[in-house]
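**Q** This is the structure I have questions about; it appears just below.
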Amino acid sequence: MEGANLQNGPEESECYFIIKLKNRHGRSELKVPKSESGEESFLFLCHHLRIPPEKIRLVCRGKIVTKDNISTFMTNGTVFQAFGEEAEDETGLDVRDIEVLMDQLSVERNVAVKALRKTGDLIDAILYVSDNL
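FYI, numbering that gives the first Met the number 0 numbers position 56 of the sequence shown as 55, with every residue one higher than the one before it.
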């Protein structure tokens, strides 16, 4: 029965591109699902790299890659170079505390997360960020 499903469905390689991705952590191969819009592929790469879409810089063949033009570069074996600050891990932190820090002190999400990780509580994080602005 399983064999019948595999034979009737598209080849696995027809569902994704295999690209090479270089960043500060090294080089890796990544399976990127084929999609109708370039934005989906762009967001997939951002999520994989843990870099917010507004912070990532992708380069391919000497050209800047955006969500609008990424589809023209998506072929098997294409090499992308990625630059950008990774998003901090928010596991175990209260999202409301992060948002309060961002709103009250006008800081980026990564700054708020780092402060909460370092200090362990919202009040200390506010004081910490205020002292380091």
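We put the beta carbon where it would ideally sit given N, CA and C, even for glycine.
1) CA-CA distance, Ser36 and Ser105?
2) With Ser27 as the anchor, note down where its beta strand (DSSP E) starts and where it stops.
3) Pairing CB atoms from the stretch 52-66 with CB atoms from the stretch 110-127, are three or more of them under 8 Å?
4) Just reading off the alpha helix (DSSP H) that Ile122 is part of, what are its end residues?
5) So if DSSP puts Arg56 in a beta bridge, which residue, or which two residues, is it bridged to?
6) Pull the bridge partners of Leu20 from the DSSP assignment, please.
7) For Pro32, I'd like the list of residues in its chain whose CB is within less than 7 Å of its CB, leaving aside the five on either flank, ordered along the chain.
8) From Thr90 to Ile55, what distance separates their C-alpha atoms?
9) Could you say which of Gly83, Val128 and Glu85 lies nearest to Asp102 if we only look at CA atoms?
**A** Reading off the structure:
1) 33 Å
2) Gly25 to Pro32
3) no
4) Leu121 to Asp130
5) Phe82
6) Ser27 and Phe79
7) Cys14, Tyr15 and Phe43
8) 22 Å
9) Val128
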